[in-house]
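Counting from 186, one number per residue, gives the positions in the sequence shown under my numbering.
Heads up: the structure comes next, in structure tokens.
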Amino acid sequence: RFGAVLWQPAGGALSSQPGLFERLGLEPFDPAFSGAVFWQRTRGRSASIKQVLLTGEIVVGVGNIYASESLFRAGIHPQRAAGRISVARYERLVQAIRNVLREAIAQGGSSLRDFVGSSGMPGYFQQAHQVYGRTGAPCMRCAQPIRHLTQGQRSTWYCPYCQR
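Written out as structure tokens, the structure reads:
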């Protein structure tokens, strides 16, 4: 689920791999990615917003860490049904995703365990995590304890007071 290795003959087109990229969403920094697009593509869906983010069908490149952090910044509970979020809240989520990713890129990503970037240096964004991995720690906004839950075999952290 996290990657693939494809062998492509010289001169072959990627389109010769039917279905490979058809279900992928927009890049997070693509101007076409907006709250309105997010809302339109999730109308009627009962799956949680966190699960929808992790599929990559609406937006690509938002992994588990950045999904938790973005949902916190947007004030959206990770278990909220994707089809029950307003356009305005999706606009906040799009901005939160972009801001979290910009900050993470600037800080070299999040180094958990032994990750290092192409420079051989660890990332430092984990020092800026507001919810991820902080079970029981006080929320940086309201001081209530950060909670943990499991969604689709993935860990999720959130503030039950700041995220509705």
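Just so you know, even glycine gets a beta-carbon here, dropped at the ideal spot from N, CA and C.
Keep in mind that this is a model prediction, so the values were computed, not measured.
Counting only runs of at least 3 residues, the segment 246–270 fully encloses no beta strand (DSSP E) element at all. Around the Cβ of F257, a 10 Å sphere holds 16 or more other Cβ atoms; the residue is buried. Under DSSP, T335 takes part in a beta bridge, and its partners are S340. Contact between the segment 263–275 and the segment 219–235 is present: three or more C-beta pairs spanning the two stretches fall below 8 Å. Nearest Cα to R274 within the set T320, G210, V244 and F223: F223. A217 and A328 have their C-alpha atoms some 36 Å from each other. Under DSSP, S233 forms a beta bridge with A266. Secondary-structure assignment with DSSP links V244 through a beta bridge to L211. With 16 or more other Cβ atoms inside 10 Å of its own Cβ, V316 counts as buried. Apart from sequence neighbours up to five positions away, the residues of its chain that approach L238 with a beta-carbon distance below 6 Å are V247 and A252, ordered along the chain.
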